[in-house]
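**Q** I have a structure here, written as structure tokens, and I will follow up with some questions on it.
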Amino acid sequence: MKANPEEKLTCLKQLFGILTAVLLLNGCGVQTPSIPNLVPSESSRAPNYWCTWYWQNYLVLKGQEVTDPDPEMVFNSENVREQLNEETLFGEGGMAKVMLPMSRGDYYFLIDHGWQDKSWDIPEKDIFFNFIMDTIDFPSYTSLQPKDRIKKLNDDLKALGWRGLGLWVRGDIAKEEAVKFVEWSKYAGVEYWKIDGGETENAYCYKAKQKIYHELYLEYVTGSRGPLNTRWDEEGLSCYPSVYAPGIRHVKGSSGPYISSEALNILKNSDVFRTYDAVPLLVSTVTMQRIHDLLMQTAGKPEYVALLNVQDDCNIAAALGCVVSGMRHPKKTPRMYEGRDFHFQIAGDRKVDQRLNEMDRFVRWQRIAPPMPAGYGTYKASRGFLIDKFKFRTGDTWKTDTWGKMVSQSAPAIMVRNLPLPQVKINGEPPYVLASKFPDGAICIATEGRVKPDDSWYHPRADVSLECGEGNQPIGIFGHYKSLKLCFDKSIPGNTVVWAQDLLADQAQDITSRVTLRDNELIIPGELIDEIGTSAATAGDISSPGLVLMMEDQEGK
């Protein structure tokens, strides 16, 4: 059953009220609030998933020397799909056993390209839009009928604590086949399909699932004409629009369809629209521009019912009410090229392979604030765009025409949904700032890092001020700050207790004495956000902070 935001907030407030019962100390009348847990224990019902694709890629030539860096030699699709099998999923150190031990109950485990029967007795058009599991790669499932194979795989993943199985498919499909595979998914309890191209003209699968199996999430794409936004090799522009901006066609210079028109149609007729692949070194900048170009056209128009999937950008998704297809992983089996690990899905100083807690904190935030459809509410952005750029080396991306060139991309400096634009004061380079108010009343704000020619990841700090309205809602805070000022409609009562909790923790901390309460303002030092927001971190994890804050009025208690 999909989440009801109002019910979630009501339950959270009731829980908070129960947990803040008064204790009397030594009979002297001094009242001490009990310590609450601000994170619900029930897993999020948002359709987030972890995908096997990057791990599969990294298994090609694992532990070997790369002699030819051409991506087609290292990991063409045929090589990569051969890395997906029963052993790499469930063997010692397998993906399903290693990934996300703290939060896998909030994620679907999505098996990407490579799980289907690859025999050539299947009609070529159906090779990658079929639900026949390859029994050579998955021998334990050989004796079962096709729909029972995916049911068993789903059951095996749930037994390891995952929310369930997600399936990758690609291509077009006949109406009868669409109905059959939706029925198989209902039988098997499979709730997510990643449709990685195709099936948009007739949408037979979406129509079938609406009649047969409402619980099934279908994700569609248009493609993005590559992992970078437009004009990336032209330095000095004020903006680098994505293909989702109006007026850009699939084939440059053609008279074919506009990509934005196709995207908008999908956003009206699907559950999830994925903003598509982006180069790792500039993944956040590329993705934020794509989100901006879409929300500028969809906000306030409820017919755009789909959620935006923003790939592996957890903090952006938290702050803008999107979902993710996480692909980062901690696998360490270097394939060396000129003295460095040839690992271009996870590249640069950001080191996302050491930022797995960001995935954990993100889904725990979505237990509080479920994602919003693309058409919900309002959207605003700063007039100014920030430009990130970096000179790509051989192997920094599979897009080989970027090698040796300066690559530039843009995104709005500030992006907000259902809130006024925050104020950002800086001394030097600014971070990206993103914020939203959710249907259940919760608020989230995040800052995101930057890329420049001499630094492939840095996170500048700013004094940020955000208008929050009422002061009785949970507030999610992600990223790094010099300070964060939260401004409310009314003065903050004198007996207010301010609770803050690392989203990984099970208990909040009273930070009242460490913040500034002034009239209707709450000011939090950036160092305190760093401390509380990483206090429950896994050893060695370098994720940016992520916490939830809530104020409690002790007046009359």
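So that you can map any letter, position 194 of the sequence shown is 194 in my numbering, and since no number is skipped, the others follow by simple counting.
Cβ atoms here follow ideal geometry from the backbone N, Cα and C, with glycine treated the same way.
Rounded to whole angstroms, what is the Cα-Cα separation between Asn-472 and Thr-512?
**A** Taking the sequence shown and counting its residues from 1, one reaches residue 472 at position 472. Taking the sequence shown and counting its residues from 1, one reaches residue 512 at position 512. In a straight line, the C-alpha of Asn-472 is about 15 Å away from that of Thr-512.
**Q** Hey, Gly-591 and Thr-496: beta-carbon distance below 9 Å or not?
**A** The structure shown has nothing for residue 591, since the chain only spans 1 to 557.
**Q** Could you pull the start and end residues of the alpha helix (DSSP H) that Gly-526 belongs to?
**A** As a first step, residue 526 must be located in the sequence shown, where it is residue number 526. Its alpha helix (DSSP H) spans residues 526-533.
**Q** Please determine, among Gly-93, Glu-65, Asn-85, Tyr-58, the residue with the shortest C-alpha to C-alpha distance to Asn-76.
**A** Taking the first residue of the sequence shown as 1, we reach residue 76 at position 76. Taking only the C-alpha atoms, the option nearest Asn-76 is Tyr-58.
**Q** Alpha carbon to alpha carbon, what distance is there between Trp-50 and Val-279?
**A** As a first step, residue 279 is located in the sequence shown; it is residue number 279 there, counting from the start. As a first step, residue 50 is located in the sequence shown; it is residue number 50 there, counting from the start. If I take the Cα positions, the gap works out to 18 Å.
**Q** The beta strand (DSSP E) that contains Ile-445, what's its start and end?
**A** Numbered from 1 along the sequence shown, position 445 holds the residue referred to as residue 445. It spans 443-448 - the beta strand (DSSP E) in which Ile-445 sits, taken as one unbroken run.
**Q** The alpha helix (DSSP H) spanning Lys-565 covers which residue range?
**A** Residue coverage of the chain in this structure runs from 1 to 557, which leaves residue 565 outside it and unanswerable.
**Q** Quick one: is Glu-201 buried, meaning 16 or more other Cβ sit within 10 Å of its Cβ, or exposed?
**A** The residue labelled residue 201 in the question sits at position 201 within the sequence shown. Answer is exposed; the Cβ neighbour count stays below 16.
**Q** Name the DSSP bridge partner or partners of Leu-434?
**A** Residue 434 sits at position 434 when you count from the first residue of the sequence shown. According to DSSP, which records beta bridges pairwise, Leu-434 is partnered with Met-415, Ala-446.
**Q** Starting from the N-terminal side, write out each stretch of the beta strand (DSSP E) that is 3 residues or longer and does not extend beyond the segment 36-100.
**A** List check, beta strand (DSSP E) in window: 49-51.
**Q** Could you tell me which residues DSSP puts in a beta bridge with Gly-166?
**A** Position 166 of the sequence shown, counted from the start, is the residue given in the question as residue 166. According to DSSP, which records beta bridges pairwise, Gly-166 is partnered with Leu-110, Tyr-192.
**Q** Exposed or buried, what is His-214 when buried is set at 16 or more other beta-carbons lying within 10 Å of its beta-carbon?
**A** The count along the sequence shown starts at 1 and reaches residue 214 at position 214. Result: exposed.
**Q** If the criterion is Cβ atoms closer than 9 Å, does the pair Cys-322 and Arg-361 meet it?
**A** Start at 1 with the first residue of the sequence shown, and residue 322 comes out as number 322. Start at 1 with the first residue of the sequence shown, and residue 361 comes out as number 361. Result no, Cβ atoms of Cys-322 and Arg-361 do not sit closer than 9 Å.
**Q** By Cβ distance below 6 Å, which residues in the same chain neighbour Arg-274 in space, the five residues on each side in sequence not counted?
**A** Here the question's residue 274 lines up with position 274 in the sequence shown. Cβ neighbours of Arg-274 beyond the five flanking positions: Glu-219, Val-221, Asn-309.
**Q** How far does the beta strand (DSSP E) with Ile-542 in it reach, from first residue to last?
**A** For the purposes of this step, residue 542 is taken as the residue at position 542 of the sequence shown. Counting along the chain, Ile-542 falls outside any beta strand (DSSP E), and DSSP gives it neither H nor E.
**Q** Using only alpha-carbon positions, find the residue among Leu-466, Val-324, Arg-249, Gln-83 that is nearest to Ile-523.
**A** Counting from one through the sequence shown, the residue named residue 523 turns up at place 523. Nearest of Leu-466, Val-324, Arg-249, Gln-83 to Ile-523, Cα basis: Leu-466.
**Q** Is Phe-478 near Trp-398, with beta carbons less than 9 Å apart?
**A** Here the question's residue 478 lines up with position 478 in the sequence shown. Here the question's residue 398 lines up with position 398 in the sequence shown. Not closer than 9 Å, so no.
**Q** Is it buried or exposed for Gln-116, if we count other Cβ within 10 angstroms and need 16 for buried?
**A** The count along the sequence shown starts at 1 and reaches residue 116 at position 116. Gln-116 should be labelled buried.
**Q** According to DSSP, is Tyr-206 helix, strand or coil?
**A** Along the sequence shown, read from residue 1 onward, the residue named residue 206 stands at position 206. Three-state DSSP puts Tyr-206 in a helix.
**Q** Skipping 5 residues on each side, what residues in its chain have a beta carbon closer than 6 Å to that of Ile-426?
**A** Counted from its first residue, the sequence shown places residue 426 at position 426. Same-chain partners within the cutoff: Ala-462.
**Q** May I ask whether a heavy atom of the ligand NAD can be found less than 8 Å away from the beta carbon of Asp-293?
**A** Absent from the structure shown: the ligand NAD. Ligands present: none.
**Q** Return the Cβ separation of Ser-270 and Ala-318 in integer angstroms, given the expectation that the two are a contact with Cβ distance under 8 Å.
**A** Counting from one through the sequence shown, the residue named residue 270 turns up at place 270. Counting from one through the sequence shown, the residue named residue 318 turns up at place 318. At roughly 22 Å, the Cβ-Cβ gap does not stay under 8 Å, so Ser-270 and Ala-318 are not in contact.
**Q** In the structure shown, what three-state DSSP assignment does Ala-318 receive?
**A** In the sequence shown, the residue the question calls residue 318 occupies position 318. Correct three-state label for Ala-318: helix.
**Q** Could you tell me whether the Cβ atoms of Lys-437 and Leu-421 are closer together than 9 Å?
**A** On the sequence shown, position 437 is the one that residue 437 refers to. On the sequence shown, position 421 is the one that residue 421 refers to. Not closer than 9 Å, so no.
**Q** What first and last residue would you give for the alpha helix (DSSP H) that runs through Trp-365?
**A** Residue 365 sits at position 365 when you count from the first residue of the sequence shown. Looking at the DSSP string, the run of the alpha helix (DSSP H) that includes Trp-365 is 357-368.
**Q** What residue range does the alpha helix (DSSP H) around Lys-490 cover?
**A** The residue labelled residue 490 in the question sits at position 490 within the sequence shown. Taken as a continuous stretch (DSSP letters only), Lys-490 belongs to no alpha helix (DSSP H), as it is neither H nor E.
**Q** Where does the unbroken beta strand (DSSP E) through Ile-259 begin, and where does it stop?
**A** Looking up residue 259 in the sequence shown gives position 259. Per DSSP, Ile-259 belongs to no beta strand (DSSP E); it is in the alpha helix (DSSP H), 259-268.
**Q** Within a Cβ cutoff of 8 Å, which residues of the same chain sit near Ile-291, ignoring the five residues on either side of it in sequence?
**A** On the sequence shown, position 291 is the one that residue 291 refers to. Here the set comprises Thr-275, Leu-308, Val-310, Ile-316, Leu-320, Cys-322, Met-415.
**Q** Report, in whole angstroms, the separation of the C-beta atoms of Trp-232 and Ser-408, which I expect to be a contact under 8 Å.
**A** Along the sequence shown, one-based indexing puts residue 232 at 232. Along the sequence shown, one-based indexing puts residue 408 at 408. Correct: roughly 6 Å between the Cβ atoms.
**Q** Ignore the nearest five residues each way along the sequence and tell me which others in Val-60's own chain have a CB closer than 8 Å to its CB.
**A** Within the sequence shown, the letter at position 60 stands for residue 60. If we look at Val-60 and ignore the five residues flanking it on each side, its Cβ neighbours are Val-74, Phe-75, Asn-79, Val-80, Gln-83, Arg-335.
**Q** Excluding the 5 residues preceding and the 5 following Pro-146 in the sequence, name in chain order all residues of the same chain whose CB lies nearer than 8 Å to its CB.
**A** Here residue 146 is taken as the residue at index 146 of the sequence shown, counted from 1. Phe-131, Ile-132, Met-133, Trp-184.
**Q** Would you call Val-98 buried or exposed, if buried means 16 or more other Cβ atoms sit within 10 Å of its Cβ?
**A** Start at 1 with the first residue of the sequence shown, and residue 98 comes out as number 98. Its Cβ having fewer than 16 others within 10 Å, Val-98 is exposed.
**Q** Rounded to whole angstroms, what is the Cα-Cα separation between Gly-339 and Glu-65?
**A** Taking the sequence shown and counting its residues from 1, the one referred to as residue 339 is at position 339. Taking the sequence shown and counting its residues from 1, the one referred to as residue 65 is at position 65. Taking the straight line from one Cα to the other gives about 9 Å.
**Q** Assuming Gly-105 contacts Arg-163 under a Cβ cut-off of 8 Å, what Cβ separation, rounded to an integer in Å, is found between them?
**A** Here residue 105 is taken as the residue at index 105 of the sequence shown, counted from 1. Here residue 163 is taken as the residue at index 163 of the sequence shown, counted from 1. Going by Cβ atoms, the distance from Gly-105 to Arg-163 rounds to 6 Å, so yes, they are a contact pair.
**Q** Would you call Ala-159 buried or exposed, if buried means 16 or more other Cβ atoms sit within 10 Å of its Cβ?
**A** Position 159 of the sequence shown, counted from the first residue, corresponds to residue 159. When all chains shown are included, Ala-159 counts as exposed.
**Q** May I ask you to report which of helix, strand or coil DSSP gives Gly-223?
**A** In the sequence shown, the residue the question calls residue 223 occupies position 223. It is coil, neither helix nor strand.
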